[in-house]
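To start, the structure under review is shown below, and the notes come after it.
2 protein chains.
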Amino acid sequence: MAQSIPFRQASPLKASCHQCSLSNLCLPLAIEENDLDRLEDIVQQGRIFNRGEHIFDQSTPFRSCFAVKSGSVKTSIITEGGEEQVTGFFMPGELIGLDSIGGSHYACTAKALERTSVCEFPVDKLEDLTVKLPELQHHMYHLMSQEIQNSHQLAMLLSKNTAEERIAALLLSLSSRFRRRRMSPTNFSLPMARNDIANFLGLAVETVSRVFTRFQNQGIIKARGREVELLDVEALQMVTREFSRQCNT
Amino acid sequence: MAQSIPFRQASPLKASCHQCSLSNLCLPLAIEENDLDRLEDIVQQGRIFNRGEHIFDQSTPFRSCFAVKSGSVKTSIITEGGEEQVTGFFMPGELIGLDSIGGSHYACTAKALERTSVCEFPVDKLEDLTVKLPELQHHMYHLMSQEIQNSHQLAMLLSKNTAEERIAALLLSLSSRFRRRRMSPTNFSLPMARNDIANFLGLAVETVSRVFTRFQNQGIIKARGREVELLDVEALQMVTREFSRQCNT
DNA sequence: GTGAGAGCTTGATAAGGATCAATTCGGACA
DNA sequence: TGTCCGAATTGATCCTTATCAAGCTCTCAC
Chain A
1 MAQSIPFRQA
11 SPLKASCHQC
21 SLSNLCLPLA
31 IEENDLDRLE
41 DIVQQGRIFN
51 RGEHIFDQST
61 PFRSCFAVKS
71 GSVKTSIITE
81 GGEEQVTGFF
91 MPGELIGLDS
101 IGGSHYACTA
111 KALERTSVCE
121 FPVDKLEDLT
131 VKLPELQHHM
141 YHLMSQEIQN
151 SHQLAMLLSK
161 NTAEERIAAL
171 LLSLSSRFRR
181 RRMSPTNFSL
191 PMARNDIANF
201 LGLAVETVSR
211 VFTRFQNQGI
221 IKARGREVEL
231 LDVEALQMVT
241 REFSRQCNT
Chain H
1 MAQSIPFRQA
11 SPLKASCHQC
21 SLSNLCLPLA
31 IEENDLDRLE
41 DIVQQGRIFN
51 RGEHIFDQST
61 PFRSCFAVKS
71 GSVKTSIITE
81 GGEEQVTGFF
91 MPGELIGLDS
101 IGGSHYACTA
111 KALERTSVCE
121 FPVDKLEDLT
131 VKLPELQHHM
141 YHLMSQEIQN
151 SHQLAMLLSK
161 NTAEERIAAL
171 LLSLSSRFRR
181 RRMSPTNFSL
191 PMARNDIANF
201 LGLAVETVSR
211 VFTRFQNQGI
221 IKARGREVEL
231 LDVEALQMVT
241 REFSRQCNT
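Below, the structure written as structure tokens:
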């Protein structure tokens with residue numbers, strides 16, 4: 001977009017956090033209104049990625065974290081043997097690359113799941129800034145610790161829960177993330193393919209498919225391709241083990 | 001120990017990072033010799049925990065990160081339903097509590113696996129210090145991102161690898177961590193019970209036991225209770241999938 | 001519109017590991 | 001030294017989910 005306006009030469013790719021609708025989800029939420037300029041000074045409006053394009057991969061030298069502005073991203077580790085493990089899905093307002101700070105290269109590969117735009121935060125500048133803005137530093141620590149917790153939660157899901165429980169948990173996670181963005185928590189379209197869901201949850205595609213139809217037959221969800229409607233959120237919550245155990249006790 | 005010397009009243013529980021044998025593994029490794037005092041100023045020599053004692057649990061208000069000084073610690077998440085998921089094992093020089101920064105309470109429960117001593121870093125002071133020592137801040141980011149990577153690696157292990165591969169990977173991880181501490185990488189005693197291994201790796205205890213005996217019959221390891229000897233490290237590396245795939249290709 | 005290919009669904013079979021059950025081992029303690 | 005209890009091992013069976021195979025559907029290019 002910005003590139004199609006050749007006349008504005010000054011501050012060519014500077015993003016405006018002030019005007020961004022995601023400022024209450026993204027990094028700006030940790031910063032006082034009048035310090036926001038300092039964040040804007042280091043943010044670069046990244047380019048737009050088409051479906052399937054890499055934002056970075058494991059061979060890219062690490063330089064920046066990225067905030068998703070629109071669209072969605074999947075991150076995955078790819079082993080020497082070529083196996084892929086999807087490690088996360090990122091939606092608008094969420095920050096990618098926290099797992100790579102301190103390394104020379106990115107620790108994972110990030111791929112746009114649809115047409116996606118991102119904001120880029122060069123990490124050297126970000127580190128300088130967090131020294132000056134302790135609230136921002138605190139927020140960074142907070143984000144990173146949450147990333148650790150998310151990953152532990154995933155490990156838990158993978159090692160202790162059935163296919164149905166895993167899928168229910170994913171649907172609920174997506175639901176709450178849509179809600180945070182003031183979008184319908186019960187009626188949304190999945191940004192990722194069944195394949196990615198399967199990989200992320202440690203299942204075979206066929207199993208994912210079967211569980212979707214099972215949920216549908218039980219009237220818990222309605223799914224048509226990537227379009228999903230959660231018909232009975234309570235039932236979904238019952239499916240996740242934490243909840244069912246809680247109720248049994 | 002310090003408590004048994006009642007005459008020294010000044011700086012009662014101050015740890016000496018200068019003299020600590022783990023200073024090349026622990027936080028001090030990021031700090032210039034002459035800034036080390038500032039870290040020492042905020043470190044508290046924590047008390048010693050007996051086998052089975054909690055260093056903190058999920059109901060403890062979050063205040064500090066802890067470095068293991070001697071002994072070992074397991075961390076786990078415990079769900080409302082009472083289920084446990086072991087999220088990590090921590091050995092001397094390693095930092096616990098990174099997953100909790102920014103929260104009001106600890107995100108996991110930490111339990112001493114044997115008689116264990118820890119150093120305590122109050123996080124408010126640590127955050128203040130990282131503002132003054134950018135190298136320390138950078139190192140904290142680095143540690144946290146590695147924690148994320150470790151957890152992703154675990155997720156990968158759980159979702160893609162067989163029981164044998166998971167156990168081989170754990171043994172190799174322990175081995176390399178012993179090596180870093182200048183201890184034998186092939187001859188060590190497991191700090192954790194079979195039960196904890198099973199839980200961590202998403203297996204049943206029986207499966208862990210069976211794999212141990214299978215490895216033993218194949219002459220890859222020798223195990224007598226918690227005493228383990230790695231007889232054929234190469235073979236173990238072959239077992240982990242990354243390696244075997246690499247060789248097949 | 002039509003064909004091709006990827007993505008998704010459904011069915012049948014097989015396998016890896018969980019579960020249940022029964023010993024055995026090992027260390028703490030009287 | 002014997003006893004007790006939890007941890008570890010071993011065996012038999014069952015279950016969930018992977019795998020293999022086939023058919024369906026949607027989308028996109030031509």
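Just so you know, the sequences run in chain order A and H. With our numbering applied, the first sequence closes on residue 249, and no number is skipped along the way. With our numbering applied, the second sequence closes on residue 249, and no number is skipped along the way. For every residue, glycine included, the Cβ atom is placed at its ideal position computed from N, Cα and C. Just so you know, these numbers come straight off a predicted model, no measurement behind them.
Worksheet item: Does the beta carbon of Asn24/A sit closer than 9 Å to a beta carbon anywhere in chain H?
Response: When Cβ-Cβ separations below 9 Å define contact, Asn24/A makes no contact with chain H.
Discussion item. Using the three-state DSSP reduction, which class does Asn50/A fall into: helix, strand or coil?
Written reply: coil
Worksheet item: Per DSSP, what kind of secondary structure is Ser175/A in: helix, strand or coil?
Response: helix
Item to complete: Within its chain, find whatever has a CB closer than 6 Å to the CB of Asp57/A; leave out the 5 residues flanking it on each side and keep chain order.
Response: Cβ within range, chain order: Thr109.
Fill in: Where the beta strand (DSSP E) through Glu120/A begins and ends
Thr116 to Pro122
Item to complete: Please name the residues in the region 144-168 of chain H whose beta-carbon is closer than 8 Å to at least one beta-carbon of chain A, in chain order.
Response: Met144, Ser145, Gln146, Glu147, Ile148, Gln149, Ser151, His152, Gln153, Leu154, Ala155, Met156, Leu158, Ser159 and Lys160
Discussion item. Within 10 Å of its beta-carbon, does Pro61/H have 16 or more other beta-carbons around it, so buried, or fewer, so exposed?
Written reply: exposed
Fill in: Nearest-angstrom Cα separation, counted from Pro28/H out to Glu83/H
36 Å
Discussion item. Let me check understanding here. Comparing Cα to Cα, which of Ile48/A, Phe200/A, Leu201/A and Ile167/A lies closest to Arg214/A?
Written reply: The option with the nearest alpha carbon to Arg214/A is Ile167/A.
Worksheet entry | Ala193/H to Leu25/A span [Cα, whole Å] | 42 Å
Fill in: For Glu229/H: DSSP bridge partner residues
Residue pairing of Glu229/H in beta bridges, as defined by DSSP: Asn187/H and Lys222/H.
Worksheet item: In three-state DSSP terms, what is Val43/A?
Response: coil
Item to complete: Compile a chain-ordered list of the residues in the region 82-103 of chain H whose CB is closer than 8 Å to at least one CB of chain A.
Response: Gly82, Glu83, Gln85, Thr87, Leu98, Asp99, Ser100, Ile101, Gly102 and Gly103
Worksheet item: Ordered along the chain, which non-local residues of its own chain (more than five positions away) have a Cβ less than 7 Å from that of Ala163/A?
Response: Leu203, Thr207 and Val211
Worksheet item: Which residues mark the beginning and the end of the beta strand (DSSP E) in which Ile197/A is found?
Response: Annotation for Ile197/A: no beta strand (DSSP E) segment contains it, though the alpha helix (DSSP H) segment containing it runs Arg194 to Leu201.
Practice prompt. Going by DSSP, name the residue or residues bridged to Ser70/H.
Written response: Ser117/H
Discussion item. Quick check: what's the CA-CA separation for Ile78/H versus Gln153/A?
Written reply: 11 Å
Worksheet item: Straight-line CA distance for Arg115/A to Lys74/A?
Response: 12 Å
Worksheet item: In or out: Gln85/H buried (at least 16 other Cβ within 10 Å) or exposed?
Response: buried
Practice prompt. Tell me, please, whether the CB atom of Ala107/A is closer than 9 Å to any CB atom in chain H?
Written response: yes
Worksheet item: Thinking just about the alpha-carbon of each residue, which of Lys69/H, Ile197/H and Glu94/H is nearest to the one in Glu147/H?
Response: For the residues Lys69/H, Ile197/H and Glu94/H, the minimum Cα distance to Glu147/H belongs to Glu94/H.
Worksheet item: Mind checking Gln9/A: buried by the 16 CB within 10 Å criterion, or exposed?
Response: Any reading at Gln9/A is ruled out, since the residue's pLDDT is 44, under 50, leaving its predicted position unreliable.
Item to complete: Give the residues from the region 182-208 of chain H that approach chain A closer than 9 Å (Cβ to any Cβ), ordered along the chain.
Response: Residues of the region 182-208 of chain H with a Cβ closer than 9 Å to any Cβ of chain A, in chain order: Asn199, Phe200, Leu201, Gly202 and Leu203.
Practice prompt. Tell me whether Glu127/A sits in a helix, a strand or coil according to DSSP, three-state version.
Written response: helix
Worksheet item: Does DSSP put Phe212/H in a helix, a strand or coil?
Response: The answer is helix: DSSP assigns Phe212/H an H, G or I state.
Worksheet item: Under a three-way DSSP split, which group does Gln85/H fall into?
Response: DSSP places Gln85/H in the strand class (E or B) of the three-state scheme.
Worksheet item: Could one say the Cβ of Pro311/A lies closer than 9 Å to chain H's Cβ atoms, at least one of them?
Response: Nothing can be reported for residue 311/A, as the shown portion of chain A is limited to 1 through 249.
Worksheet item: Across which residues does DSSP place Cys65/A in a beta bridge pair?
Response: DSSP, once it has assigned bridges, lists Phe121/A as partnering Cys65/A.
Worksheet item: If you compare alpha carbons, which of Arg179/A, Lys160/A and Gln137/A is closest to Asn199/H?
Response: Measuring from the Cα of Asn199/H, the nearest candidate turns out to be Lys160/A.
Worksheet item: List, in order along the chain, the chain A residues whose C-beta lies closer than 7 Å to that of Ile77/H?
Response: His152 and Met156
Item to complete: Please classify Phe105/H: does DSSP put it in a helix, a strand, or coil?
Response: Here residue 105/H is His; the residue named in the question, Phe, does not match the sequence. In this structure, His105/H counts as strand in the three-state DSSP scheme.
Item to complete: Verify the CB distance criterion: does Glu127/A have a CB-CB separation below 9 Å to chain H?
Response: yes
Item to complete: Can you tell me which of the three DSSP states Ala155/H falls into?
Response: Three-state result, Ala155/H: helix.
Worksheet item: So, does the CB of Leu238/A fall closer than 9 Å to a CB anywhere in chain H?
Response: It is Met, not Leu, that sits at residue 238/A in the sequence shown. It does not; no Cβ of chain H falls within 9 Å.
Worksheet item: What in chain H is Cβ-close to His142/A, meaning under 7 Å?
Response: Ordered by position in chain H, the residues that pass the 7 Å Cβ test against His142/A are Ile101 and Gly102.
Discussion item. My output table needs one value for Thr240/H: the three-state DSSP class, helix, strand or coil.
Written reply: coil
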